[in-house]
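Heads up: the first sequence begins at 442 in my numbering, then just goes up one per residue. Please read the structure below before turning to the comments.
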Amino acid sequence: MSKIRIYNTLSGKKEELIPLEPGKIKMYVCGPTVYNYIHIGNGRPAIIFDVVRRYLTYRGYDVTYIQNFTDVDDKLIKKAAETGETVPEVAQRFIKAYEEDVRALGVLQANVHPKVTDHMPEIIAFIEGLIEKGHAYAAGGDVYFRTASFPEYGKLSHQHIADLKAGARIEVNEKKDDPLDFVLWKQAKPGEIFWESPWGKGRPGWHIECSAMSLKYLGETFDIHGGGHDLAFPHHENEIAQSECLTGHPMARYWMHNGYINIDNEKMSKSLGNFVLVKELRDEYSPRALRFFMLSAHYRNPINFSKELIQQAVNSITRIDNAVRNLKHRKETAVDGEMTAEERQILERFRQTFIEEMDNDFNTADGITVLFDMVRETNQILTAPAVKRSLIQAYLSLFDEFGGVLGFTFGEAEENGRGPSDEDVEKLIVERGEARKNRNFARADEIRDQLQQMGIVLEDTPQGVRWHRK
RNA sequence: GGAGGCAUAGCCAAGUGGUAAGGCCAAGGUCUGCAAAACCUUUAUCCACCGGUUCGAAUCCGGUUGCCUCCUCCA
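Okay, here's the thing in structure tokens:
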């Protein structure tokens, strides 16, 4: 069996995945700041790392998956001021919205979704530790990390401190000793939400939460840290600085970053305003198509968003759905018999290929190709007048197996709660059958059209009428 | 100015040294009462451009052009 290889931002290379503890993977993925609905760009890491997690589980690892919620920060405070809600109310509202969006996209819950506001003691203790070790300093109610105290600063994003200093866009702040220093604790302005701390009333800086919470749930060193490409600097760089200065150990072994979703070749972002909300897109397209769209390219490559491409994904996934539906239909009239050695071998080859492709830095595009190869194979098998039940079942199981890894269920109508009952459909199909027997095709077609209107698709096959909900 | 990425058919997209996967779209054929689904066939002598290394390069090296991202909150 091949070995799992992950592209590690830290080294800039694909590396073999060697877990810290045999058989176990601990991973942490940066979650959303919950001040708004998520756009599909935010959906990408949710889906990508969900697949990473599912795949590692599939490969036999016991995966602990942590994804945080940033539930207090400047943007939440601003939002609360706009809507008249409290900060916790804003957070709660958008955590709920996030969960709904992401569930629709087929993303499994993390083992823990820690919130910043539930971890103030851990965060404060973390900052105190950094101050004790000389890596941080209090200044006028704020606390800053002393970047110069960590010689390796820049190792993740491959930036040199000198170059960063030369950059023209560093925030000017008189309280900082050095422009590259970043805030660990931020003094509350009058009227702002605050927590008591040794440095007065305030709230945590953005980066410290991930360091404190990953330490709590995963320990000093864990296996995989994931997030969007734009988080590599400064967010992840700062996390590394904080964590490694406190513990003296590497924070994470493999750093994974997904590429962006672009619109017209430009980054989609809340700040640019060119975003498309998952919430809105869900009304127009099946969420499975969105997920399929994201998995049809490699996670590190940028992908362009357009409705045309989502439609391509809809069409593509329909082909797989049809194949699975057709297999299920033929199972009813299948014959007994064992699979031949050759048939077993073909099935096993599909599995091997799927694993090889996914082992290669989670190449979901090639993983999906295996599904299409299976579609062709099964469709060809079904052209025979008699097909063995054992063979059909084996393929259905394999579709389930790979679907489970990628987060899809194939061949089942999505819940929409509309349309006629199965009984009513069957009744009309019987009536149509009578009409066809009497060669009353006008009536038969009328019934088919009628069902079509109700979202029911009829297909006549040598094995009887096959139907499904659209 | 510094760091990095991308450029493959009408659209999307793998492949990263051994002679171009897969999907969508399109065309023709088969099956069908007609459809649908499906099957078969067709669709890049070529992977932005120029040079180099090699028996051999879309894949490695150098250069050119174009586009994108990060260095600021951002998935």
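All C-beta atoms in this analysis are idealised placements derived from N, C-alpha and C, irrespective of residue type, glycine included.
By the criterion of at least three beta-carbon pairs nearer than 8 Å, the segment 449-467 is not in contact with the segment 542-549. Per the coordinates, the alpha-carbon of residue 658 lies some 8 Å from the alpha-carbon of residue 507. For residue 810, there is no enclosing beta strand (DSSP E); the residue is found in the alpha helix (DSSP H) stretching over 805-822.
C-alpha of residue 804 to C-alpha of residue 454: approximately 15 Å in a straight line. Within the segment 535-612, the beta strand (DSSP E) runs of at least 3 residues that lie entirely inside it are, in chain order, 577-580 and 583-586.
Each of 548, 474, 585 and 580 was checked against the Cα of residue 531, and the nearest Cα belongs to 474. The beta carbons of residue 560 and residue 697 sit about 24 Å from each other, so the pair does not count as a contact at 8 Å. Take residue 735, set aside five residues on each side of it, and the residues of its chain with a beta-carbon closer than 6 Å to its own are 485 and 488, in chain order. Rounded to whole angstroms, the gap between the alpha carbons of residue 815 and residue 880 is 38 Å. Distance from the Cα of residue 549 is smallest, within the candidate group 479, 670 and 846, for 846. Counting only unbroken stretches of 4 or more residues, the alpha helix (DSSP H) elements lying wholly within the segment 475-537 are 481-499 and 515-524, in sequence order.
Rounded to the nearest whole angstrom, the CA to CA distance from residue 554 to residue 509 is 5 Å. Taking a contact as a CB-CB distance under 8 Å, the pair residue 813 and residue 547 does not count as one, their CB atoms being some 19 Å apart. Taken atom to atom, the span from the alpha-carbon of residue 589 to that of residue 483 is near 33 Å. The bridge partners DSSP lists for residue 902 are 905. Distances from the alpha-carbon of residue 708 to those of 687, 480, 445 and 576 put 480 closest. Its Cα nearest to that of residue 831, the residue 780 stands out among 808, 867 and 780.
Short of 8 Å from the beta carbon of residue 597, and not among the five residues preceding or following it, lie these beta carbons of its own chain, in chain order: 450, 451, 673, 674, 677, 678, 681 and 696. Membership of residue 668 in the beta strand (DSSP E) is indicated by the continuous run 663-669. Contact between residue 770 and residue 854 is ruled out by a C-beta separation of about 14 Å, above the 8 Å threshold.
Residue 763 holds the alpha-carbon nearest to the alpha-carbon of residue 900 among 811, 763 and 817. With contact defined as three or more Cβ pairs closer than 8 Å, the segment 749-768 and the segment 786-801 are not in contact.
A direct Cα-Cα distance of roughly 17 Å separates residue 896 from residue 756. In the assembly as shown, residue 525 is an exposed residue. Its beta-carbon has fewer than 16 other beta-carbons within 10 Å. Note: residue 718 is bridge-paired with 480 in the DSSP secondary-structure output. Scanning 823, 448 and 444 for the CA closest to the CA of residue 699 turns up 448. Annotation: the continuous beta strand (DSSP E) that includes residue 623 extends over 623-628. When DSSP states are grouped into helix, strand and coil, residue 836 belongs to the helix group.
Listed in chain order, the non-local C-beta contacts of residue 552 below 6 Å within the same chain comprise 505 and 506, local neighbours out to five positions each way being set aside. When the alpha-carbon of residue 726 is set against those of 523, 753, 818 and 701, the nearest one is in 753.
Residue 676 carries a helical assignment under DSSP once its states are collapsed to helix, strand and coil. Beta bridge pairing from DSSP links residue 448 with 455. Shown here for residue 536: same chain residues with a beta carbon closer than 6 Å to its own, the five before and five after excluded, namely 475 and 510 in chain order.
In the three-state DSSP reduction, residue 756 falls in the helix class (H, G or I).
Boundaries around residue 866 are those of the alpha helix (DSSP H), 863-878, since no beta strand (DSSP E) includes it. In the three-state reduction of the DSSP assignment, residue 883 falls in the helix class, which pools H, G and I.
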